[in-house]
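Throughout the sequence shown, residue numbering follows mature numbering (1 follows the signal peptide of the UniProt record, and there is no 0), covering -21 to -1, 1 to 112 in sequence.
All C-beta atoms, glycine included, are put in the ideal place defined by N, C-alpha and C.
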Amino acid sequence: MRFSFVLAAMLLLATSASVEAQRASFGVWKNPQDSVHVRAQPCGSRMCGVVVWASDKAKADARRGGTNDLVGLILFRDFVPEKKGVWRGSVFVPDIGQTFSGTITTLDDRRMEGKGCLTGRIMCKSQIWTKVN
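Right, here's the structure in full:
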């Protein structure tokens, strides 16, 4: 009986820590050029990232890629936790109108690394995003 209680307590703590790590990923983030702000939020049991602000240049680049309305667009799609502080899903790049596999890794309270790759995790590009206050 004592073992069951200890096991249950450990599972609860691990789940709480995992949920807390996931919550640290939520919020509004800006790309390195400060041309796009994305709100990372729960979307059902997954995480998504919705554009909440974009510069005029970013909007024009997206239009050239075939995306007319950048603000409100879901860029990060169907992200699920892979391990503590790491999410895996799909990244839509509006400038070229394509979707790639990607990861988001929480580096600390203020920074995360977004990485997109071709199929098979080859030819990856990454950016450091900063949390917006």
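Cutoff 6 Å; reference residue i; Cβ partners in own chain excluding five residues on either side
| i | result |
| --- | --- |
| S105 | E92 and K94 |
| R18 | V7, V29 and V31 |
| C103 | K94 and C96 |
| T46 | P73 |
Limits of the unbroken alpha helix (DSSP H) element including residue i
| i | result |
| --- | --- |
| K38 | D35 to R43 |
Cβ-based neighbour list, residue i, same chain, cut-off 8 Å, excluding 5 preceding and 5 following
| i | result |
| --- | --- |
| V70 | L54, F55, R56, T78, F79, S80, G81, G93 and G95 |
| V111 | G6, V7, W8, K9 and H16 |
| Q20 | F5, M26, C27, G28 and V29 |
| R43 | D74 |
Residue i, enclosing beta strand (DSSP E) - first and last residue
| i | result |
| --- | --- |
| R89 | Here R89 belongs to no beta strand (DSSP E), and DSSP marks it neither H nor E. |
| L54 | I53 to K62 |
| P21 | V15 to C22 |
| V65 | V65 to V72 |
| V7 | G6 to K9 |
Beta-carbon contacts of residue i that lie in its chain and below 7 Å, excluding the five residues immediately before and after
| i | result |
| --- | --- |
| R67 | F58, V59, E61 and T82 |
| L49 | V30, A33, A37, K38, A41 and P73 |
| I107 | P11, R90 and E92 |
| D35 | none |
| S14 | A33, S34, K36 and A37 |
Reference residue i; option with closest CA among the options
| i | options | result |
| --- | --- | --- |
| V65 | V72, R90, T84 and V50 | T84 |
| G76 | K110, L52, V111 and M102 | L52 |
| K63 | N47, T46, L86 and C22 | L86 |
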